[in-house]
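Asks: The structure follows.
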């Protein structure tokens, strides 16, 4: 099966359903040297920097996506990619593979059979959007939900014209922690303008003041991603994020989604325990999110 190589984003296939693999998403990013590979069964994008190829930076995951349900084994496809990238000077190839809740990709075992090894495993957490989710959360979180409701906190979906306010709120919250938001307003606006249907924004308010907020990404028709969350320092002791997550779970469950992906609770394989425990108490389950490395 012939290997197709695309070194221009505008040339890539149009049948890639994941939000992070769409032309509009790639076109909103900057790359050192964009390149992607495809055949009838598979597709994978890379950014090539001097001596290294990464699939793909500035998104939660890359890896090999399946283009149809009846596909051939990916071993020949992967080995052809490794050979071509090595010829282009990439001494190391890095692939961040998604959590197992994403059924659109090849398996971890397929990569391990093709000269890749796991560099580290991150902890990824997700909430399964089942009718009985409320029973899975910790009693402490249930008490917080009751308290927040009694104190006048309210959840609502925000409008598209409120995204700039949301970004300012996120920036201030990050600054209060000595951090910086990892996406500028100009960049986020470019994404929203070109892919408005995949971005949503939700907030918890009390008397019109934002206490917690999250921008989400509708990655597939079944999975939403907890992309940019933040809690105001003024309301941190009230734990409004509990109500925010509960509201987003109900929203996506009502839309027929299967999973709410809460992302990683580790850094390069090292657990961030406070974050992990909070998500666990919100009823989240854990899966691995491996990063693979191939070196010649």
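In the numbering used here, the protein residues as written are 773 to 1068. Each residue gets a CB set at the ideal place from its N, CA and C atoms; glycine is no exception. Because the structure is a prediction, the values reported are computed rather than measured.
#1: Identify whether residue 959 lies in helix, strand or coil by the three-state DSSP scheme.
#2: Note down, one range per segment and in chain order, each alpha helix (DSSP H) of at least 4 residues found wholly within the segment 917 to 997.
#3: Return the chain-ordered list of same chain residues with a C-beta closer than 6 Å to the C-beta of residue 983, the five sequence neighbours on each side being excluded.
#4: Report the CB separation of residue 908 from residue 1055 in whole angstroms; it is logged as a contact under 8 Å.
#5: Would you tell me roughly how many angstroms separate the C-alpha atoms of residue 913 and residue 864, rounded to the nearest one?
#6: Beta strand (DSSP E) containing residue 809: first to last residue?
#7: Tell me which same chain residues have a C-beta within less than 6 Å of the C-beta of residue 999, skipping the five on either side of it?
#8: In this structure, what does DSSP give as the bridge partners for residue 898?
#9: Determine the direct distance from the alpha carbon of residue 1036 to that of residue 857, and round the result to whole angstroms.
#10: Rounded to a whole number of angstroms, what is the C-alpha to C-alpha distance between residue 1064 and residue 890?
#11: Alpha carbon to alpha carbon, how far is residue 878 from residue 985? Give it in angstroms, no decimals.
#12: How would you call residue 903, buried or exposed, if buried means at least 16 neighbouring beta carbons within 10 angstroms?
#13: What does a CB cutoff of less than 6 Å around residue 948 pick up in its chain, not counting 5 residues either side in sequence?
#14: Among 928, 794, 796, whose alpha-carbon lies nearest the alpha-carbon of residue 1016?
#15: How would you write the range of the beta strand (DSSP E) that residue 866 sits in, first residue to last?
#16: Does residue 817 pass the burial test, meaning 16 or more other C-beta atoms within 10 Å, or should it be called exposed?
#17: Is the distance from the Cβ of residue 896 to the Cβ of residue 876 below 7 Å?
#18: How is the beta strand (DSSP E) around residue 819 delimited, first residue to last?
#19: Residue 850 to residue 836, Cα distance in whole Å?
#20: Less than 7 Å between CB atoms is the rule here; does residue 947 satisfy it with respect to chain D?
#21: Tell whether a beta-carbon distance below 7 Å holds between residue 894 and residue 1061.
Replies: Reading from the atomic positions:
#1: Numbered from its first residue, the chain shown carries residue 959 at position 187. Here residue 959 sits in helix by DSSP.
#2: 935 to 948, 957 to 966
#3: Taking the first residue of the chain shown as position 1, residue 983 is located at position 211. Once the five neighbours on either side are set aside, the close Cβ partners of residue 983 are 976, 1004, 1007, 1012.
#4: Residue mapping note: residue 908 aligns to position 136 of the chain shown, counting from 1. Residue mapping note: residue 1055 aligns to position 283 of the chain shown, counting from 1. At roughly 4 Å, the Cβ-Cβ gap stays under 8 Å, so residue 908 and residue 1055 are in contact.
#5: As a first step, residue 913 is located in the chain shown; it is residue number 141 there, counting from the start. As a first step, residue 864 is located in the chain shown; it is residue number 92 there, counting from the start. Cα to Cα, residue 913 sits roughly 44 Å from residue 864.
#6: Residue 809 sits at position 37 when you count from the first residue of the chain shown. It spans 806 to 810 - the beta strand (DSSP E) in which residue 809 sits, taken as one unbroken run.
#7: As a first step, residue 999 must be located in the chain shown, where it is residue number 227. So the qualifying residues of the chain are 987, 988, 989.
#8: Walking along the chain shown from the start, residue 898 turns up at place 126. DSSP lists 1033, 1057 as partners of residue 898.
#9: The sequence position of residue 857 within the chain shown is 85, counting from 1. The sequence position of residue 1036 within the chain shown is 264, counting from 1. Cα to Cα, residue 857 sits roughly 28 Å from residue 1036.
#10: Start at 1 with the first residue of the chain shown, and residue 1064 comes out as number 292. Start at 1 with the first residue of the chain shown, and residue 890 comes out as number 118. Roughly 4 Å between the two C-alpha positions.
#11: Within the chain shown, the letter at position 213 stands for residue 985. Within the chain shown, the letter at position 106 stands for residue 878. Using only the alpha carbons, I get a separation of about 34 Å.
#12: Along the chain shown, one-based indexing puts residue 903 at 131. Exposed, because fewer than 16 other Cβ atoms sit within 10 Å of the Cβ of residue 903.
#13: Sequence index remark: in the chain shown, residue 948 carries index 176 (1-based). Excluding residues within five positions, the ones whose Cβ falls inside 6 Å are 1005.
#14: To locate residue 1016, count along the chain shown from 1; it is residue 244. The shortest C-alpha separation from residue 1016 is found at 928.
#15: Translated into the one-based positions of the chain shown, residue 866 becomes position 94. Element bounds for residue 866: 864 to 868.
#16: Counting from 1 along the chain shown, the entry for residue 817 is found at position 45. Flag for residue 817 reads buried.
#17: Taking the first residue of the chain shown as position 1, residue 896 is located at position 124. Taking the first residue of the chain shown as position 1, residue 876 is located at position 104. Not a contact, by the Cβ cut-off of 7 Å.
#18: For the purposes of this step, residue 819 is identified with residue 47 of the chain shown, where counting begins at 1. Per DSSP, residue 819 belongs to the beta strand (DSSP E) from 814 to 821.
#19: Indexing the chain shown from 1 puts residue 850 at position 78. Indexing the chain shown from 1 puts residue 836 at position 64. The alpha-carbon atoms of residue 850 and residue 836 are separated by roughly 9 Å.
#20: No chain D is part of this structure, which consists of one protein chain only.
#21: As a first step, residue 894 must be located in the chain shown, where it is residue number 122. As a first step, residue 1061 must be located in the chain shown, where it is residue number 289. In this structure, residue 1061 lies closer than 7 Å to residue 894 by Cβ.
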